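Colleague: Sharing a structure here in structure tokens format.
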Amino acid sequence: MQKKISLAVIKRLPKYYRYLGELNSKGIDRISSKDLSELMGFTASQIRQDLNNFGGFGQQGYGYNVENLMSEIAKLLGLENNYKAVVIGLGNLGQGLANYETFSDSGFNIVGLFDINPKLIGKSVRGIEIKNIDLMDSFVKSNNVEIAMLCVPKDKASELSEKLCELGIKGIWNFAPIDLKVKNKNVVVENVHLSESLMTLSYRIKNKDL
Ligand code: NAI
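Quick note, in our numbering, the sequence shown goes up one by one and the last residue is 355.
Structure, rendered in structure tokens:
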């Protein structure tokens, strides 16, 4: 059985995946932990430790095979699942997400868009029509949608998320400014608050932490 990997390591894996993807797109097929550490700003020993957590794959004098490592990380992160996702709330943020083609490169395929605003319903983003929120239930069920990207106002987020849980959704990527919790413990919620990152930037500017 695979050993349990700490959440701290899991949170670093997407960053490894991104850097390795860049190397891969440049045709680089192997990299040493030293070179990877210079590129990513982690120490070489941190990198060895992180990657050893799931079997290493680094070889003395060879380094890491970029493609193998990427595919192992993809497996660990479950990216090979090719998730189906819907965006709920197609205002500024929701349209931005819906327009971002690159999510599908990591296995997140946006298949449906839903809003309550009649001015938006019927319009399309990247060829996908924005549908009335009333059609969300049947769409999510019949298409086995696994992920909802929630971009609605704060006061709508809880109600919608409970509804999504009832429909069998597996994960909610919540952008509404609330630490969303759902009753169904099998549904995973990832809250994203860009302003927290912005406040960290402010701290670093203030403290000259460049
Ligand atoms: P917006 O007002 O442009 O878009 C909200 C959309 O949700 C509208 O199109 C509206 O018609 C729709 N909506 C409202 N109730 C709905 C319902 N019951 N079902 C379906 N659609 C519904 O707002 P914006 O700027 O796109 O922001 C969206 C949310 O994301 C807000 O809660 C905002 O505070 C938050 N936000 C979060 C950020 C973050 O870092 N987490 C960054 C920016 C915005």
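Even glycine gets a Cβ: it sits at the ideal position worked out from N, Cα and C. Just so we're clear, the structure is a prediction, and the values are computed from it rather than from any experiment.
Does the stretch 217-226 come close enough to the stretch 235-249 that 3 or more CB-CB pairs lie under 8 Å?
Modeller: When C-beta atoms of the stretch 235-249 are compared with those of the stretch 217-226, fewer than three pairs fall below 8 Å, so the two segments do not count as touching.
Colleague: Give every residue of the same chain whose Cβ lies closer than 8 Å to the Cβ of ASN169, excluding the five residues on either side of it in the sequence, and list them in chain order.
Modeller: Once the five neighbours on either side are set aside, the close Cβ partners of ASN169 are VAL211, GLU212, MET215.
Colleague: Name the one or two DSSP bridge partners that SER269 has.
Modeller: GLU274
Colleague: For a minimum of 3 consecutive residues, which ranges assigned as the beta strand (DSSP E) are wholly contained in the stretch 288-328?
Modeller: 292-295, 316-319
Colleague: Tell me the residue span of the beta strand (DSSP E) that contains LYS229.
Modeller: 228-233
Colleague: Do SER182 and ILE192 come within 7 Å of each other at the CB atom, strictly closer than that value?
Modeller: By the CB criterion at 7 Å, ILE192 and SER182 fall inside the cutoff.
Colleague: List the whole-angstrom C-beta distance separating GLY252 from ILE273, where the pair is believed to meet the contact cut-off of C-beta under 8 Å.
Modeller: In this structure GLY252 is not in contact with ILE273, their Cβ atoms being roughly 17 Å apart against a cut-off of 8 Å.
Colleague: Closest to VAL327 by C-alpha separation, out of SER283, LYS160, LEU343, SER303, would be which residue?
Modeller: Nearest C-alpha to VAL327: SER303.
Colleague: Helix, strand or coil for PHE187? Go by DSSP, reduced to three states.
Modeller: coil
Colleague: Comparing the CB of ILE255 with every heavy atom of the ligand NAI, is any distance shorter than 6 Å?
Modeller: No, the beta carbon of ILE255 sits no closer than 6 Å to any heavy atom of the ligand NAI.
Colleague: With DSSP as the reference, please indicate the residues paired to VAL333 in a beta bridge.
Modeller: GLY316
Colleague: Taking 6 Å as the cut-off, is the beta-carbon of VAL337 closer than that to any non-hydrogen atom of the ligand NAI?
Modeller: Result yes, Cβ under 6 Å from the ligand NAI.
Colleague: Within 10 angstroms of the Cβ of LEU280, are there 16 or more other Cβ atoms? Answer buried if so, exposed if not.
Modeller: exposed
Colleague: Should ILE275 be labelled buried (16 or more other beta-carbon atoms within 10 Å of its own) or exposed?
Modeller: buried
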